[in-house]
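**Student:** To start, I am sharing the structure in question, which I have written as structure tokens.
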Amino acid sequence: MLDPRIEIMEMMHELRMLMMAMEEKISTIPHEAEPVEEYEHVYHAPVEGDYIHPMTPSHPCPEGFGEGAYWDEVYQCWMMPNHYEEDVCNLSTNLDTDMTWSSDNDSWEHMPENDWSNDYDVFMDEVEEMEEEMHEEAPMTEEVNTESGFVSPMPTEGKE
2 MLDPRIEIME
12 MMHELRMLMM
22 AMEEKISTIP
32 HEAEPVEEYE
42 HVYHAPVEGD
52 YIHPMTPSHP
62 CPEGFGEGAY
72 WDEVYQCWMM
82 PNHYEEDVCN
92 LSTNLDTDMT
102 WSSDNDSWEH
112 MPENDWSNDY
122 DVFMDEVEEM
132 EEEMHEEAPM
142 TEEVNTESGF
152 VSPMPTEGKE
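Quick note: the sequence shown uses the numbering used here, first residue 2, plus one each step.
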């Protein structure tokens with residue numbers, strides 16, 4: 002039995018696929034009979050191979066993934082199938098950071114710690130450090146915009 006949250010994620014995956022099918026359907030609507038010359042810009046759908054087309058991979062398949070690896074157009078990442086019949090979108094293993102694909106065993110395995118193969122923690126540490134440096138260089142205060150009434154952060158440098 003799958004965790005019910007995985008079932009919900011599968012439903013969301015199906016909804017995203019439906020929305021992508023709707024986007025694709027837009028491109029099949031003929032517009033030759035329309036007064037396209039009056040339009041400021043005419044709709045042109047992306048085609049496979051364009052960077053914005055969902056079926057165009059943004060990066061090569063990771064080394065070590067097996068022959069069953071495929072590009073998931075919804076999550077925009079490479080996925081490996083798992084053995085769970087009820088997990089048709091293969092989300093239970095691909096989204097689980099405690100799992101990793103073992104090319105040696107040709108199977109999914111549990112890891113003792115998160116499998117952030119892209120050094121996510123190191124990346125986030127660097128981002129947080131950079132944000133701290135930015136705040137030290139230009140401290141922010143809140144200032145009320147009298148026209149809108151919204152509070153917005155404003156740099157204190159140059160203020161008197």
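Just so it is clear, CB atoms sit at the ideal spot from N, CA and C, and this is done for glycine as well.
Computed from a predicted structure; not experimentally measured.
State yes or no: is the C-beta of Met-81 within less than 9 Å of the C-beta of Thr-98?
**Tutor:** Here residue 81 corresponds to residue number 80 of the sequence shown, with the count starting at 1. Here residue 98 corresponds to residue number 97 of the sequence shown, with the count starting at 1. No.
**Student:** Using the three-state DSSP reduction, which class does Glu-110 fall into: helix, strand or coil?
**Tutor:** The residue given as residue 110 occupies position 109 in the sequence shown. Note: Glu-110 maps to strand in three-state DSSP.
**Student:** Please determine if the stretch 67 to 77 and the stretch 14 to 22 are in contact, where contact requires at least 3 C-beta pairs separated by less than 8 Å.
**Tutor:** Yes: the two stretches touch, three or more of their Cβ pairs being nearer than 8 Å.
**Student:** Ends of the alpha helix (DSSP H) at Met-20?
**Tutor:** Numbered from its first residue, the sequence shown carries residue 20 at position 19. Looking at the DSSP string, the run of the alpha helix (DSSP H) that includes Met-20 is 5 to 29.
**Student:** How is the alpha helix (DSSP H) around Ser-93 delimited, first residue to last?
**Tutor:** Position 92 of the sequence shown, counted from the start, is the residue given in the question as residue 93. 92 to 95 is the extent of the alpha helix (DSSP H) around Ser-93.
**Student:** Spell out a yes or no on whether the stretch 5 to 14 and the stretch 85 to 93 are touching, meaning 3 or more CB-CB pairs, one atom from each, closer than 8 Å.
**Tutor:** Touching, yes.
**Student:** Rounded to whole angstroms, what's the CA-CA distance from Asp-88 to Ser-59? Just pull it up for me.
**Tutor:** The residue you call residue 88 lines up with position 87 of the sequence shown. The residue you call residue 59 lines up with position 58 of the sequence shown. One C-alpha to the other measures close to 25 Å.
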